[in-house]
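In this note's numbering, the protein residues as written are 82 to 237.
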């Protein structure tokens with residue numbers, strides 16, 4: 082049993098040293114998911130590690146380029162507003178998430194193209210509908226449609 086005890090203590094010491102080496106080695110700056118999302122959506126970053134990754138990997142550079150092209154198309158910052166060209170570029174990246182997104186857009190490309198071309202938004206209407214649904218959830222099974230209608234009218 083003493084040899085077993087010594088072996089156990091030796092292995093425990095090795096594991097402890099290994100864990101300490103991992104902790105000491107992991108103090109490098111990492112890129113968070115929120116920083117990547119901000120970089121894709123807004124095109125800006127404070128993290129030098131993200132800029133280094135962007136420069137070092139051609140796949141990441143291509144992926145970010147396709148995402149930024151889509152962002153520019155949606156925001157109306159580009160002259161090329163043809164969604165079909167973007168779908169082909171997205172499929173060519175061989176990134177599964179982006180390819181699936183492109184297939185989803187392709188299924189309803191007319192609506193997406195209209196959203197890009199037409200400057201109008203139904204955001205105000207959607208906000209009103211959400212407010213009505215919230216009031217309806219609060220009033221579930223209480224007093225009927227007349228009270229619900231009155232509460233919605235007076236809440237606005």
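Every residue, glycine too, gets a C-beta built ideally from N, C-alpha and C.
The shortest CA-to-CA distance from residue 237 to any of 188, 223, 215 and 221 is the one to 215. Taking C-beta atoms as the reference points, residue 154 and residue 142 fail to come closer than 8 Å. Taking a contact as a CB-CB distance under 8 Å, the pair residue 147 and residue 178 does not count as one, their CB atoms being some 11 Å apart. Residue state for residue 137 is assigned as helix, using DSSP reduced to three classes.
For residue 211, the enclosing alpha helix (DSSP H) covers residues 204–219. By the neighbour-count definition (other C-beta atoms within 10 Å, threshold 16), residue 183 is a buried residue. For residue 151, the three-state secondary structure derived from DSSP is helix. One alpha carbon belongs to residue 191, the other to residue 175, and they sit about 24 Å apart. When secondary structure is reduced to three states using DSSP, residue 174 falls in the coil class, being assigned neither helix nor strand.
Exposed is the label assigned to residue 206, since fewer than 16 other Cβ atoms lie within 10 Å of its Cβ. Rounded to whole angstroms, the gap between the alpha carbons of residue 188 and residue 104 is 47 Å.
Note that the C-beta distance between residue 220 and residue 212 is not below 8 Å. Taking all protein chains in view, the Cβ of residue 89 is surrounded by fewer than 16 other Cβ atoms within 10 Å, so the residue is classified as exposed. Bounds of the alpha helix (DSSP H) holding residue 119 are 114–123. If you draw a 10 Å sphere on the C-beta of residue 193, you find 16 or more other C-beta atoms in it, and that means buried. The distance from the Cβ of residue 199 to that of residue 164 is about 13 Å, inconsistent with a contact at the 8 Å cut-off.
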